[in-house]
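Q: Encoded as structure tokens, here's the structure I'll be asking about.
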Ligand code: CTP
Ligand code: MG
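Residue numbers (the working numbering): 82 to 251.
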């Protein structure tokens, strides 16, 4: 098996889109409905909303359908559903951990903001990836995914901040 950049890009696009779209279309009722956890702090905080969650997964799946059409492999649609759901789950897990560490909403954390979403996006569809796109699970591919995700996420958040979509550039 050899390194395959196309496979990596096909894998990355849906969870990237899922993670980015809520910044524009999110808002409204928070996933935790404003409730606090045992420590008196929010479960997730106001930055994780139902609308963002749903819009993110739907957008990722649409990208997956496009990939299925382009490649002729319908499994890309299902893979996109899992990787996009994983991205949103990872993003919420990050907020959950940040709240437990008493980080206020929006305070940056390298692991939680930039990397956790893509790690869970890789783990949730792990067995489908192993069967369908094993190239993406090669150690060198995983390292590339983490590095590219970190850099792209930083750049996109700086752009979102300049456009006034985010209060902070991370
Ligand atoms: N967003 C949303 N719903 C989600 C995820 C994100 O509505 N499920 C929107 C929110 O407006 C959020 C913005 O996208 O403020 C940026 O997301 P993110 O950086 O993940 O959230 P933060 O506001 O930084 O909050 P946290 O400290 O919990 O990461
Ligand atoms: Mg943030």
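Just so you know, even glycine gets a beta-carbon here, dropped at the ideal spot from N, CA and C.
Measure from the C-beta of residue 109 to each C-beta in chain B and report whether the shortest distance is under 8 Å.
A: Chain labels in this structure do not include chain B; a single protein chain is all it has.
Q: May I have the straight-line CA-CA distance separating residue 243 from residue 236, to the nearest angstrom?
A: 11 Å
Q: If you run the structure through DSSP and keep just helix, strand and coil, what is residue 188?
A: coil
Q: If you drop the 5 nearest sequence neighbours on each side, which residues of the same chain put their C-beta closer than 8 Å to that of residue 132?
A: Sequence-distant partners of residue 132 (beyond 5 residues in either direction) whose C-beta falls short of 8 Å from its own C-beta, in its chain, are 103, 106, 107, 108, 109 and 110.
Q: With distances taken from CA atoms, which of 176, 114, 148 and 118 is nearest residue 90?
A: 148
Q: Curious, which full-length beta strand (DSSP E) runs of at least 3 residues does the segment 104-169 contain?
A: At a cut-off of 3 residues, not a single continuous stretch assigned as beta strand (DSSP E) sits fully inside the segment 104-169.
Q: Taking the alpha carbon of residue 171 as the reference point, which residue from 192, 182 and 152 has its own alpha carbon closest?
A: Among 192, 182 and 152, the Cα nearest to that of residue 171 is on 192.
Q: Considering only heavy atoms of the ligand CTP, does any lie closer than 7 Å to the CB of residue 243?
A: For the ligand CTP, not one heavy atom lies less than 7 Å from the Cβ of residue 243.
Q: Hey, how far is the Cα of residue 209 from the Cα of residue 163?
A: 9 Å
Q: CB-CB under 7 Å to residue 217, same chain, minus the five flanking residues each way: which ones, in chain order?
A: Cβ within range, chain order: 88, 89, 92 and 210.
Q: Looking at residue 120 and the ligand CTP, is the gap between the Cβ and the nearest heavy atom below 7 Å?
A: no
Q: For the segment 121-132 and the segment 179-187, state whether three or more C-beta atom pairs, one from each stretch, are separated by less than 8 Å.
A: yes
Q: Between the C-alpha atoms of residue 214 and residue 121, what's the straight-line distance to the nearest angstrom?
A: 43 Å
Q: Please classify residue 92: does DSSP put it in a helix, a strand, or coil?
A: helix
Q: Quick check: is any heavy atom of the ligand CTP less than 7 Å from the C-beta of residue 134?
A: yes
Q: Determine the burial state of residue 114: buried for a count of at least 16 other Cβ atoms within 10 Å of its Cβ, exposed for fewer.
A: exposed
Q: List the whole-angstrom C-beta distance separating residue 231 from residue 196, where the pair is believed to meet the contact cut-off of C-beta under 8 Å.
A: Between the beta-carbon of residue 231 and that of residue 196 there is about 6 Å, and that keeps the pair under the 8 Å contact cut.
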